[in-house]
Amino acid sequence: MDPTLVKMALGGLALLGCIGLFFGIGLALAAHKFAVEVNPKVEQVKEVLAGAQ
Amino acid sequence: MLASRSKIFPWMVLIAVAAVVLSQVCWAGLANRFIQKTAFKGKHDIVITFAAPVDKEWAENKKNYRVYEEPDPDIKLEISSVALSKDSKKLILHFDEELNQNQPHVVIIRNMQSQGKNLGTAMVKVKKLYLGFLFSIFIGAMLIHNFVFTKYLGLCVFFGTSQKKSTAVGMGITFTIVMVASAMMSWFLYQFVLKPYHLDYLQIIVFIGLVSLSVQAVDTILRKVNPILFKAFGVYLVLVIANCIILAVPLILADNEYNAAESLMLALGAGLGFLVALFLMSSVRERLELANVPPTYRGLPIAFVVAGLFALAFLGFSGMSIF
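So the protein lines, in turn, are chains H and L.
FYI, our numbering numbers position 47 of the first sequence as 50, with every residue one higher than the one before it.
FYI, our numbering numbers position 136 of the second sequence as 137, with every residue one higher than the one before it.
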């Protein structure tokens, strides 16, 4: 295989990985900052219900 | 009366300021009133239009003109020939070398002679009307090539959220924000990361990622800031990810190699065009609720018919060009 092509492909992988990591951390921080408190009872009630509908 | 005036007043001030700024931008550099217009023509010519006929003998003497690029006044550009139009009002300066039109040029015209009178020396600027180009991109994306009505993109969200005016306007504004954010990010990544490293074949994947990033960010923020609007959007906010317009814009601006300002204008135009389309459609559909539509046409079918009529109306803009 042509080494320049391999280099390009690896570069692409590294780049997309970096972008994904960067924005993932950004989104996680945003989710933390703008968190909406959900009543934990909602989840509990939903679990107890039958859930067919 | 007083209340309404106080509401209008800030707008009037804003419009006045905008008008002053625009007129400054458009007329800057035309110091002499005898010269009506200066413009580049082709790659080798500068055209100067006078308010009245000038004397042929004076006009065709090359020594009466001095042309240079604004940043370096020392480097005089060589004029190869001067031509005067038949009505003696239009002057064409021809240069052998190609003019760098991204740079404003200064033309000094000595002792202008019109009907035997000496009108003094003028110094005028010639520059490309870049603002006009930006404006034409904006209007083009918004009306002439409206993404919904002339390209039939983004119809899913368009029909989904155009039942009520308030939802439609909210969706349009959110869409515009998401569009501008994702378009600017994709412009940046394309110009400074993908292109230099020869990774342009990954552009679609990267753009989809950026769009979903901005949608997710808006989703998270809107959930906290405006829960009522968030509920009204329902599933359609997430559907923005799959909207064709929001993916088409980064692809178009990567294709055309737009710069930052042009990308911003395209994204804004596309977003506002979608807002206009949604608003028009929701106004009609609110009335359709009251109309006596045959049962088979009720709901989506009549909405598609209305969208077709709008598309026909928007056909009136086609082929229009500004500047």
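C-beta atoms are modelled at their ideal positions from N, C-alpha and C, and glycine is treated no differently.
Interface residues of chain L facing G14 of chain H [CB-CB closer than 8 Å]: For the purposes of this step, residue 14 of chain H is identified with residue 11 of the first sequence, where counting begins at 1. Neighbours of G14 of chain H across chain L, judged by C-beta separation under 8 Å: Y198 and L200.
- prompt: Any idea if M2 of chain L is buried or exposed, counting beta-carbon neighbours within 10 angstroms, 16 or more meaning buried?
  reply: As a first step, residue 2 of chain L must be located in the second sequence, where it is residue number 1. Residue placement at M2 of chain L is poorly supported in this model, since its pLDDT is 45, which falls under 50; the coordinates still yield a value, given next. Exposed, since its Cβ has fewer than 16 Cβ neighbours within 10 Å.
message: Is there a C-beta anywhere in chain H that falls below 8 Å from the one on K232 of chain L?
response: Position 231 of the second sequence, counting from 1, holds the residue named residue 232 of chain L. Chain H, which has no Cβ nearer than 8 Å to the Cβ of K232 of chain L, makes this no.
- prompt: Looking at C-beta atoms only, is the number of pairs between the stretch 190-204 of chain L and the stretch 274-292 of chain L that lie closer than 8 Å three or more?
  reply: no
message: Looking at A184 of chain L: is its Cβ nearer than 8 Å to the Cβ of V250 of chain L?
response: For the purposes of this step, residue 184 of chain L is identified with residue 183 of the second sequence, where counting begins at 1. For the purposes of this step, residue 250 of chain L is identified with residue 249 of the second sequence, where counting begins at 1. Contact flag set, yes.
- prompt: Name the chain H residues that come within less than 9 Å of G210 of chain L, Cβ to Cβ?
  reply: Locating residue 210 of chain L in the second sequence gives position 209, counting from the first residue. What G210 of chain L touches in chain H: L19, I22, G23 and F26.
Contact between the stretch 107-114 of chain L and the stretch 51-69 of chain L (3+ Cβ pairs under 8 Å): yes
field: Rounded C-alpha distance that separates N257 of chain L from N147 of chain L
entry: Stepping through the second sequence from its first residue, residue 257 of chain L is reached at position 256. Stepping through the second sequence from its first residue, residue 147 of chain L is reached at position 146. If you take the alpha carbons of N257 of chain L and N147 of chain L, they lie about 18 Å apart.
message: According to DSSP, simplified to helix, strand and coil, what is H199 of chain L?
response: What you label residue 199 of chain L is simply residue 198 of the second sequence in a count that begins at 1. Coil, per DSSP.
query: Any contact of the stretch 43-54 of chain L with the stretch 93-101 of chain L, i.e. 3+ C-beta pairs under 8 Å?
result: yes
- prompt: If you pair each beta-carbon of the stretch 221-233 of chain L with each one of the stretch 146-160 of chain L, do three or more pairs fall below 8 Å?
  reply: no
query: For T297 of chain L, is the classification buried or exposed, using 16 other Cβ atoms within 10 angstroms of its Cβ as the cut-off for buried?
result: As a working mapping, residue 297 of chain L is identified with position 296 in the second sequence. So T297 of chain L counts as exposed.
- prompt: Would you say V51 of chain H faces chain L, with C-beta separation under 8 Å as the test?
  reply: The count along the first sequence starts at 1 and reaches residue 51 of chain H at position 48. Not closer than 8 Å to any Cβ of chain L, the Cβ of V51 of chain H fails to qualify, so no.
- prompt: Applying a beta-carbon distance threshold of less than 7 Å, which residues of chain L neighbour A34 of chain H?
  reply: Taking the first sequence and counting its residues from 1, one reaches residue 34 of chain H at position 31. Neighbours of A34 of chain H on chain L, chain order: T221.
task: In the DSSP assignment, find the unbroken alpha helix (DSSP H) run with H146 of chain L in it and report its ends.
output: If you number the second sequence from 1, residue 146 of chain L lands on position 145. From DSSP, H146 of chain L is part of no alpha helix (DSSP H); its letter is neither H nor E.
- prompt: Looking only at C-alpha atoms, which of L:L203, L:G317, L:I178 and L:I76 sits nearest to W266 of chain L?
  reply: Indexing the second sequence from 1 puts residue 266 of chain L at position 265. Contrary to the premise, residue 266 of chain L reads as Met rather than Trp in this sequence. When each option's Cα is compared against that of M266 of chain L, the closest is L:I178.
- prompt: So, is A84 of chain L buried or exposed, given that buried needs 16 or more other C-beta atoms within 10 angstroms?
  reply: Locating residue 84 of chain L in the second sequence gives position 83, counting from the first residue. So A84 of chain L ends up on the exposed side.
Neighbour flag for M4 of chain H against chain B, beta carbons, 8 Å: Checking the listed chains, one finds no chain B in this structure; the protein chains it contains are H and L.
- prompt: From which residue to which residue does the alpha helix (DSSP H) around S187 of chain L run?
  reply: As a first step, residue 187 of chain L is located in the second sequence; it is residue number 186 there, counting from the start. From DSSP, the alpha helix (DSSP H) with S187 of chain L extends over K166 to L190.
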